[in-house]
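*Asks:* At position 80 of the sequence shown the residue is numbered 80 (my numbering), and the sequence of numbers has no breaks. Glycine is no exception: its CB is placed at the ideal position from the N, C-alpha and C atoms.
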Amino acid sequence: MRLRRRPGDTAALREEARGLVAILYYAAALGGGHAASVTRARLVEIADTVGWPAPPPLTELVEDPRLIDGWAAQACGAVWG
């Protein structure tokens, strides 16, 4: 069951997602690991809540961390402005 969101909730989740994208980019570039896995899991939760597509799988992100930029541009807005 989804919780009802207030208008400000989506904006807050978008900002959280943008910060997590930056963290995930560097964590994936360093080879993945626990931090990258937990960060991606939170992004999946946010995407499910807001209705965005899921971010790329961690295995793909480790091979090419730039994939998260494309996902972010579509889902929550460009991170590197």
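To the nearest angstrom, how far is it from the Cα of D48 to the Cα of L13?
*Replies:* One-based indexing of the sequence shown puts residue 48 at position 48. One-based indexing of the sequence shown puts residue 13 at position 13. Computed Cα separation, rounded: 11 Å.
*Asks:* Should the stretch 31-41 be called in touch with the stretch 74-81, which here means at least 3 C-beta pairs below 8 Å?
*Replies:* no
*Asks:* From this set, V62, V21, D9, G77, which residue's C-alpha is nearest A29's C-alpha?
*Replies:* The count along the sequence shown starts at 1 and reaches residue 29 at position 29. Ranking the options by Cα distance to A29, first place goes to V62.
*Asks:* Between R6, R42, V50, T10, which has its C-alpha nearest V21's C-alpha?
*Replies:* Taking the first residue of the sequence shown as 1, we reach residue 21 at position 21. Closest by alpha carbon: R42.
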